[in-house]
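Asker: Take this structure first; my questions come after.
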Amino acid sequence: MAIRSFLILFILFFFSSLNPILSLYEDQVGLVDWHQQYLGKVKQAVFHTHKTGRKRVVVSTEENVVASLDLRQGEIFWRHVLGSNDVIDGIDIALGKCHYPFIRRKYFESMESSRWADGVGIFSSGSKALKIITNLKIEKDNIVIIFSNGRLNAVSCIDGEVLWEKDFEGESLKVQQVIQPPGSNLIYVVGFVSSSLFEMYQINALNGELLKHESAAFSGGFLGEVSPVFSETVVALDSTGLILLTISFQNGKISFHQTPISNLVKDSFGPAKIITSSVTGIFAIKMNAVTIVIRVKDESKLEVVEKTNHETSISDALSISEGQQAFALVQHASHEIHLRVKLAHNWDDNLLKESVKMDQHRGLVHKVYINNYIRTDKSYGFRALIVMEDHSLLLLQQGEIVWSREDGLASIIDVTTSELPVERDGVSVAKVEHNLFEWLKGHMLKLKGTLMLASPQDVAAIQSMRLKNSEKSKMTRDHNGFRKLLIVLTRAGKLFALHTGDGHIVWSYLLQSLQKSKVCQHPIGLNLYKWQVPHHHAMDENPSVLVIGKCGPSSDAPGALSFVDTYTGKELSSLSLVHSVAQVIPLPYTDSTEQCLHLLIDADKHAHLYPKTPEAISTFEREFSNIYWYSVEDDNGIIKGHALRGKCTGEVADEVCFDTRELWSIVFPSESEKIIAIVTRKLNEVVHTQAKVIADQEVMYKYISRNLLFVATVALKGSVEIGSVTPEESWLVAYLIDTVTGRILHRVTHHGSQGPVHAVFSENWVVYHYFNLKAHRYEMSVIEIYDQSRADNKDVWKLVLGKHNLTSPISLYSRPDVITKSQSYFFTHSVKAIAVTSTTKGITSKQLLIGTIGDQVLALDKRFLDPRRTVNPTQAEKEEGIIPLTDSLPIIPQSYVTHALRVEGLRGIITVPAKLESTTLVFAHGVDLFFTQLAPSRTYDSLTDDFNYALLLITIVALLAAIFVTWTLSERKELQENWR
Amino acid sequence: MEKGKGVMGAGRRWAVDFSDNSTAPSSRDIPDPPGFTRASVDQDDSAVSRQKKDAEANWKSQKAWEVAQAPFKNLLMMGFMMWMAGSTVHLFSIGITFSALWQPISALQGVGKVFEPYKDNKVDLLGPKLLFIALNLGGLALGVWKLNTLGLLPTHASDWVSSLSPAQEVEYSGGGIPL
Chain U
1 MAIRSFLILF ILFFFSSLNP ILSLYEDQVG LVDWHQQYLG KVKQAVFHTH KTGRKRVVVS
61 TEENVVASLD LRQGEIFWRH VLGSNDVIDG IDIALGKCHY PFIRRKYFES MESSRWADGV
121 GIFSSGSKAL KIITNLKIEK DNIVIIFSNG RLNAVSCIDG EVLWEKDFEG ESLKVQQVIQ
181 PPGSNLIYVV GFVSSSLFEM YQINALNGEL LKHESAAFSG GFLGEVSPVF SETVVALDST
241 GLILLTISFQ NGKISFHQTP ISNLVKDSFG PAKIITSSVT GIFAIKMNAV TIVIRVKDES
301 KLEVVEKTNH ETSISDALSI SEGQQAFALV QHASHEIHLR VKLAHNWDDN LLKESVKMDQ
361 HRGLVHKVYI NNYIRTDKSY GFRALIVMED HSLLLLQQGE IVWSREDGLA SIIDVTTSEL
421 PVERDGVSVA KVEHNLFEWL KGHMLKLKGT LMLASPQDVA AIQSMRLKNS EKSKMTRDHN
481 GFRKLLIVLT RAGKLFALHT GDGHIVWSYL LQSLQKSKVC QHPIGLNLYK WQVPHHHAMD
541 ENPSVLVIGK CGPSSDAPGA LSFVDTYTGK ELSSLSLVHS VAQVIPLPYT DSTEQCLHLL
601 IDADKHAHLY PKTPEAISTF EREFSNIYWY SVEDDNGIIK GHALRGKCTG EVADEVCFDT
661 RELWSIVFPS ESEKIIAIVT RKLNEVVHTQ AKVIADQEVM YKYISRNLLF VATVALKGSV
721 EIGSVTPEES WLVAYLIDTV TGRILHRVTH HGSQGPVHAV FSENWVVYHY FNLKAHRYEM
781 SVIEIYDQSR ADNKDVWKLV LGKHNLTSPI SLYSRPDVIT KSQSYFFTHS VKAIAVTSTT
841 KGITSKQLLI GTIGDQVLAL DKRFLDPRRT VNPTQAEKEE GIIPLTDSLP IIPQSYVTHA
901 LRVEGLRGII TVPAKLESTT LVFAHGVDLF FTQLAPSRTY DSLTDDFNYA LLLITIVALL
961 AAIFVTWTLS ERKELQENWR
Chain R
1 MEKGKGVMGA GRRWAVDFSD NSTAPSSRDI PDPPGFTRAS VDQDDSAVSR QKKDAEANWK
61 SQKAWEVAQA PFKNLLMMGF MMWMAGSTVH LFSIGITFSA LWQPISALQG VGKVFEPYKD
121 NKVDLLGPKL LFIALNLGGL ALGVWKLNTL GLLPTHASDW VSSLSPAQEV EYSGGGIPL
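Heads up: the protein sequence lines correspond to chains U and R, in order. With UniProt numbering, letter number 878 in the first sequence gets 878, and the count goes up by one each step, no holes. With UniProt numbering, letter number 30 in the second sequence gets 30, and the count goes up by one each step, no holes.
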């Protein structure tokens, strides 16, 4: 017995040493993973002045990022990513004692606090900031005046103390501008009360004393914003938008001066809009596509200086010397942009005039910021930072693009993947490695490394060779399916194709269908779908993707479709739909050209089939009666199921339009339940088997259905922030609903729990994450659903002979007999996203990928979330791999997929199977992008990269030699024996 | 059976046949030497040789029985090894089980060869052969039983359904929250 137990111990030890180790070694970082940092669309940029000696620009973006960029390379010097609730309204640099940018952001309502850390000062309060004034001094202290939320604050630069504040909120004043005449200690606050009363406050900036308060009524009313033209004059539009008002409040006297726009330009183009700029004496108005730049002369006389059809952007004023202001004007003309820098008081001369060739796929110039520097000949040079329509950021200097950043990638809406082209003619070794000598040298180095003869320099060379392996960024398909294209759609309506090998941009395309046009004022990109995936014609046809967008945020806005070739990045065609797009249902059918059939449901519940070919229609009509769809109305708490009825009748009669009828509906009680999360299985998920073998050779049959919907509802009171409800008045209900029949297969209530709920559905299980108010901890629950009606298939002979109906097609209308198993575990982190690994055949065990609040991705084995875990598992259960029950899920530091990196602002995790069964590709996106390969059960089907082929070869050769030698020796010996 | 092989087996280099009973001189290539009569010698030795033959037959059958019983020891040995290996599947237990299966099979294949040295007109080899076969079958059964306890025999339903792909569903449904 002792021997036996010893043997078992030995064997257990042997096997435990083979357990999966998921962590990386230090030198493996960057071999298969890449990480890219972005900022998002720049909202505001402030240059460090040359006095500080720093060549940097501080930017704030729409993704709530504040960052400092190096002006030479465009690299990020530092960066802070604030939460999605912390919207940055403005930034400015205050010189003097504090060199730090000031960031205004929403903080807790009306709670006044300021913090100084890491170069960031934070001020509280609510809405849009209008102005930050930074160049005031009291004795040795610099003060910063901030206007926000109807309140004027003066803050000390030394400690962030609020020196004085003035509230305009109570006086029903809609403040339009806060103006500080240069060189004075006065502040003017101007705004409107109701729509026709203009008010002006004059305030002493040093102590907040109200010096003057004047108001004047204008019968015509005001429209939109005002633009300051002089320190005591502003320009506004009357309520019709046809008359320009010059409002002057010199010496406390308010006077209006009206100039009809038709006096300035002969042909009127309808109502105008003021483009505010801070340039003295200059402002611009925009009428339809025409931009008119107007100069103000002698307080009230207006003069048109430029009228253009080109898109124009005007920068803020930059004071270059005493009393001189420069500003930049950027105009867009087809392939070029024209940059002009002028002095504010001298329109006719240009300080700088440059034309820069611009890639069409960047769209129009949205914003421009200028900065000056002193050239070696003591003259002024200018550099311009421009923000393009696709959210990219470029620095122009001396007529060239110094650097560009693709910051649109910080706001990815949807991701899909595409295969790379098949390798046609074998790429020779020399082509891959440049030349044979290099190739040989590389292999010699590797051999040296394996034989431990390499010097530290050699080791470094080997490491850099591994990282720059040209194999991984090749533009052809590889045998293991690691190389793919990630097609991403950004908020700017631009498509990017990223190579999974090293993350470089293969192509990018600004979708015309998602650009502002006369028919489509506010286009929104919605989703990406695979449109054509050639398998049979992989050699001569390119795959393509379908981009779905719509015009405007309303539900009945017409849709727009674009079809883009994923190899070339060219738009194949685009369609402006007459109907809206409420749902997109990719159908599991393809036509003969391998285009996937898609069903688009509009707001009137008509179904439209794409592609509109007769063949697609005939395929569709064959499956007509088996296609259903459901809609979740989360506002009303209703889930409805629909079936197709027949061709459309009425005014929208069309070959590919179908009527639908309602089949069932589930109405949640509106006073007690509110839908907060729905999850379905991924459409392309492959499940290897329907049976699950448990301890003692028993079988459980998984209930695997594509038509299962997980719905989580919370009590109405519980749908607010954590901490504001008591456990008694909050609960969370989880449902599993069959979307064909509307049958509720399972329902479970978690008392004292509340959202937010993050969930993931795979195979026959769903895992969801929520907050347990009673335990004051986050919890993760798992529900596994099994088909009890199949459990009777126990006759081995029937199974051997295949006389069973386990694989025959089933209808969901046959009454299912399901049982569920569930279990809850505590989990330490709050979660931003959950995903699950997916592999080609679905054999490899699964891992959950959890995007934690710290913007990292944690891999958690699904075995930890097994509902069958018990405190003391039996021997058989242990053999099955059941882990003893614990109340919380372990977080193993080595299992962070993102290792030392952070995917700032993490929003989504996408997993794509590689061709190799053991491996899955993981792409996490937020403000940053991160990609890696994962092998949940280690790479059992391939040798690792660092496998020592040389050693294997040497061993084989040595063994062969040994066999040969011993054979001859034995032959000789035998001969001698025989002669004896 | 090793011993039997050593004495009478195929390993011998040369042999003289003393029991040549033929009387016809023509059967030989070389004529008998003068004065040698074959018949008289035969007559003189016949009693002795019969006795000898009986003894040999006895010895052969005894040996055959010994050989037939040999697998029994093997069986005991195998049983001990199997108990040592335990009932979990790993390299050691699989190795033992497969050797326990292989040995009886190879022995059964060579059953004729094993008893060939004891072939004699007077020796009845059926009994030993049957015993040998039975014991080896017993060994085989032991091996199969071990295989079963290791769970390597597909006797459960789970062994036949573990790679059944999920059933196709007739209906298809899609949708979600309106975009």
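Positions of the beta carbon are idealized from the N, C-alpha and C atoms, including for glycine. Values in this document were obtained by computation on a predicted structure and should not be read as measured data.
Residues of the segment 625-657 of chain U in Cβ contact with chain R at a cutoff of 7 Å, in chain order, please.
Answerer: Hits within the stretch, in order: N626, I627, Y628, W629, Y630, S631, V632 and D634.
Asker: Between the C-alpha atoms of C596(U) and T417(U), what's the straight-line distance to the nearest angstrom?
Answerer: Numbered from its first residue, the first sequence carries residue 596(U) at position 596. Numbered from its first residue, the first sequence carries residue 417(U) at position 417. Looking at the two C-alpha atoms, the distance is approximately 15 Å.
Asker: Given 8 Å as the limit, is there contact between the segment 158-177 of chain R and the segment 129-139 of chain R, that is, 3 or more CB pairs closer than that?
Answerer: The segment 158-177 of chain R vs the segment 129-139 of chain R: no contact.
Asker: Can you check DSSP and say which residues form a bridge with T660(U)?
Answerer: The count along the first sequence starts at 1 and reaches residue 660(U) at position 660. DSSP output for T660(U) lists L644(U) as bridge partner(s).
Asker: Which runs of the alpha helix (DSSP H) fall wholly inside the segment 334-408 of chain U and span at least 4 residues, in chain order?
Answerer: Whole alpha helix (DSSP H) segments, 4+ residues: zero.
Asker: Between V161(R) and chain U, is there a C-beta pair that is closer than 8 Å?
Answerer: Locating residue 161(R) in the second sequence gives position 161, counting from the first residue. With 8 Å as the cut-off, V161(R) counts as an interface residue toward chain U.
Asker: So which of A289(U), I462(U) and L440(U) has the shortest CA-CA distance to T450(U)?
Answerer: The count along the first sequence starts at 1 and reaches residue 450(U) at position 450. The shortest C-alpha separation from T450(U) is found at I462(U).
Asker: Is E698(U) close to chain R, meaning its C-beta is less than 8 Å from at least one C-beta of that chain?
Answerer: On the first sequence, position 698 is the one that residue 698(U) refers to. It does; some Cβ of chain R falls within 8 Å.
Asker: Which value, in whole angstroms, describes the spacing of the CA atoms of N350(U) and V330(U)?
Answerer: Translated into positions along the first sequence, residue 350(U) becomes position 350. Translated into positions along the first sequence, residue 330(U) becomes position 330. Their Cα atoms are separated by approximately 13 Å.
Asker: Taking DSSP's pairing of strands, which residues face Q331(U) in a bridge?
Answerer: One-based indexing of the first sequence puts residue 331(U) at position 331. T312(U) and H338(U), per the DSSP bridge assignment.
Asker: Which word fits P588(U), buried or exposed, when buried means at least 16 other C-beta atoms lie within 10 angstroms of its C-beta?
Answerer: Residue mapping note: residue 588(U) aligns to position 588 of the first sequence, counting from 1. That one is exposed.
Asker: Please report the residue range of the beta strand (DSSP E) in which K550(U) lies.
Answerer: Here the question's residue 550(U) lines up with position 550 in the first sequence. Segment S544 to C551, the beta strand (DSSP E) holding K550(U).
Asker: Could you work out which residue in Q73(U), R79(U), R56(U) and K55(U) is closest to V66(U) when comparing CA atoms only?
Answerer: Your numbering for residue 66(U) matches position 66 in the first sequence. Considering only alpha carbons, the answer is R79(U).
Asker: Return the residue from the list R13(R), P31(R), D32(R) and E56(R) that minimises the CA-CA distance to Q121(R).
Answerer: Residue 121(R) sits at position 121 when you count from the first residue of the second sequence. As written in the sequence, residue 121(R) is Asn, which differs from the Gln given in the question. It is E56(R).
Asker: Taking the beta carbon of P228(U) as the centre, do at least 16 other beta carbons fall within 10 Å, making it buried, or is it exposed?
Answerer: Your numbering for residue 228(U) matches position 228 in the first sequence. Per the 10 Å Cβ criterion, buried.
Asker: Report yes or no: do the segment 550-559 of chain U and the segment 576-586 of chain U share at least 3 C-beta pairs separated by less than 8 Å?
Answerer: A contact exists between the segment 550-559 of chain U and the segment 576-586 of chain U.
Asker: For I314(U), which of H366(U), H257(U) and F620(U) has the nearest alpha-carbon?
Answerer: Reading the first sequence from its first residue, position 314 is the one you call residue 314(U). Ranking the options by Cα distance to I314(U), first place goes to H366(U).
Asker: For a contact defined as C-beta to C-beta under 7 Å, what are the partners of N707(U) on chain R?
Answerer: Here residue 707(U) refers to the residue found at position 707 when the first sequence is read from its first residue. Going along chain R in sequence order, the residues near N707(U) (Cβ under 7 Å) are E169, E171 and S173.
Asker: Measuring alpha carbon to alpha carbon, tell me which residue in L223(U), R622(U), E75(U) and L82(U) is nearest T61(U).
Answerer: Reading the first sequence from its first residue, position 61 is the one you call residue 61(U). Checking every option, the nearest Cα to that of T61(U) belongs to L82(U).
Asker: For the segment 61-78 of chain R and the segment 136-148 of chain R, state whether three or more C-beta atom pairs, one from each stretch, are separated by less than 8 Å.
Answerer: As far as the Cβ criterion goes, the segment 61-78 of chain R touches the segment 136-148 of chain R, which means the pair count is three or higher.
Asker: If Q788(U) sits next to A167(R), beta carbons under 8 Å apart, how far is it from one beta carbon to the other, in whole angstroms?
Answerer: Working through the first sequence from its first residue, we reach residue 788(U) at position 788. Working through the second sequence from its first residue, we reach residue 167(R) at position 167. Rounded, the Cβ-Cβ distance is 15 Å, inconsistent with contact.
Asker: Could you tell me which of L71(U), F761(U) and A454(U) sits nearest to L394(U), measuring between CA atoms?
Answerer: To locate residue 394(U), count along the first sequence from 1; it is residue 394. The candidate whose alpha carbon is nearest that of L394(U) is L71(U).
Asker: Any beta carbon from chain R within less than 8 Å of N288(U)'s own beta carbon?
Answerer: Along the first sequence, one-based indexing puts residue 288(U) at 288. No, its Cβ sits nowhere closer than 8 Å to a Cβ of chain R.
Asker: Going along chain U in order, which residues have a C-beta closer than 7 Å to the C-beta of P166(R)?
Answerer: Within the second sequence, the letter at position 166 stands for residue 166(R). In chain order: V687, Q690 and I704.
Asker: What does Q202(U) pair with, by DSSP beta-bridge criteria?
Answerer: To locate residue 202(U), count along the first sequence from 1; it is residue 202. Answer is Y188(U) and K212(U), bridged to Q202(U).
Asker: From the DSSP secondary-structure annotation, give me the bridge partner or partners of N685(U).
Answerer: As a working mapping, residue 685(U) is identified with position 685 in the first sequence. Here residue 685(U) is Glu; the residue named in the question, Asn, does not match the sequence. Answer by DSSP bridge pairing: none, since E685(U) is not bridged.
Asker: I want to verify the contact list: residues of chain A whose CB lies under 7 Å from the CB of A134(R), in sequence order.
Answerer: In summary, chain A is missing from the structure at hand, where the protein chains are U and R.
Asker: What does the alpha-carbon distance come out to for the pair L575(U) and K674(U)?
Answerer: As a first step, residue 575(U) must be located in the first sequence, where it is residue number 575. As a first step, residue 674(U) must be located in the first sequence, where it is residue number 674. Answer to the nearest angstrom: the Cα atoms are 37 Å apart.
Asker: Taking the straight line between their C-alpha atoms, what separation do you get for P178(R) and S631(U)?
Answerer: In the second sequence, the residue the question calls residue 178(R) occupies position 178. In the first sequence, the residue the question calls residue 631(U) occupies position 631. In a straight line, the C-alpha of P178(R) is about 7 Å away from that of S631(U).
Asker: Please name the residue or residues paired with D70(U) in a DSSP beta bridge.
Answerer: Walking along the first sequence from the start, residue 70(U) turns up at place 70. For D70(U), which the question treats as bridged, DSSP gives the partners R56(U).
Asker: What is the residue span of the beta strand (DSSP E) that R777(U) lies within?
Answerer: Residue mapping note: residue 777(U) aligns to position 777 of the first sequence, counting from 1. From DSSP, the beta strand (DSSP E) with R777(U) extends over R777 to D787.
Asker: Along chain U, in chain order, which residues have C-beta atoms closer than 7 Å to that of L147(R)?
Answerer: For the purposes of this step, residue 147(R) is taken as residue 147 along the second sequence, with counting starting at 1. Correct list: empty, because the minimum Cβ distance to chain U is about 14 Å.
Asker: Should P104(R) go down as buried or exposed, given a rule of 16 or more other Cβ atoms within 10 Å for buried?
Answerer: One-based indexing of the second sequence puts residue 104(R) at position 104. With 16 or more Cβ atoms within 10 Å of its Cβ, P104(R) is classed as buried.
Asker: Looking at C-alpha atoms only, which residue of K973(U), Q933(U), G559(U) and L577(U) is the closest neighbour of T837(U)?
Answerer: Mapped onto the first sequence, residue 837(U) falls at position 837. The candidate whose alpha carbon is nearest that of T837(U) is Q933(U).
Asker: Under 7 Å, CB to CB, which of the residues in the segment 788-812 of chain U have a partner in chain R?
Answerer: Per Cβ criterion, the list reads N793, K794, V796, L799, V800, L806, T807, S808, P809, I810, S811 and L812.
Asker: Take K307(U) and list the residues in its own chain whose beta-carbon comes closer than 6 Å to its own, dropping the five residues that flank it on each side.
Answerer: Numbered from 1 along the first sequence, position 307 holds the residue referred to as residue 307(U). Contacts found: I292.
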